[in-house]
Amino acid sequence: MATSPVEQALARGLGVEVQRLRLEAKLSQEELAQAIGISKNHLQLLESGLSDRKKKSPANPRLSTLAALSRELGVELPELLRRVESGQAG
Numbered sequence: 838m839a840t841s842p843v844e845q846a847l848a849r850g851l852g853v854e855v856q857r858l859r860l861e862a863k864l865s866q867e868e869l870a871q872a873i874g875i876s877k878n879h880l881q882l883l884e885s886g887l888s889d890r891k892k893k894s895p896a897n898p899r900l901s902t903l904a905a906l907s908r909e910l911g912v913e914l915p916e917l918l919r920r921v922e923s924g925q926a927g
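With the working numbering, letter number 81 in the sequence shown gets 918, and the count goes up by one each step, no holes.
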């Protein structure tokens, strides 16, 4: 199933913002992934904006993953989503 340019842009924006916040918090991908209960590979894909490198499909994380990320990165989930949606990520 084809994805829209909007979905792709939102996935990339989320990845950019998660990576920016992780680096700001001085956390490695391994540390953040372990803290929120996902694999390092899953976090790498999310930060790249993808859910599957081969298919190049956009990331579509679960709400529970987004909530855990926002908690661990010290930003309210609505604020994280607002930044991504408004194009202010990064």
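Glycine included, C-beta positions come from ideal geometry on N, C-alpha and C.
In this text the structure is predicted, and so the values were computed from the model without any measurement.
Starting from residue i, follow its DSSP beta bridges and name the residues at the other end.
| i | result |
| --- | --- |
| P895 | L887 |
Kindly indicate the opening and closing residues of the alpha helix (DSSP H) around residue i.
| i | result |
| --- | --- |
| L864 | No alpha helix (DSSP H) contains L864, which DSSP labels as neither H nor E. |
| S907 | L900 to L910 |
| E916 | L914 to E922 |
Can you tell which of the options has its C-alpha closest to the C-alpha of residue i?
| i | options | result |
| --- | --- | --- |
| V843 | S907, V912, L910 and S894 | S894 |
| I875 | R849, G924, L903 and A848 | L903 |
| K891 | L882, R899, S865 and L906 | L882 |
Taking the C-alpha atoms as reference points, what is the distance between residue i and residue j?
| i | j | result |
| --- | --- | --- |
| V912 | N878 | 23 Å |
Compute every distance between the C-beta of residue i and the non-hydrogen atoms of the ligand NAP, then say whether any falls below 8 Å.
| i | result |
| --- | --- |
| L860 | The model on display carries no ligand, and the ligand NAP is accordingly not part of it. |
Next on the checklist: Between the region 848 to 868 and the region 876 to 894, can you find at least three pairs of beta-carbon atoms closer than 8 Å?
Outcome noted: yes
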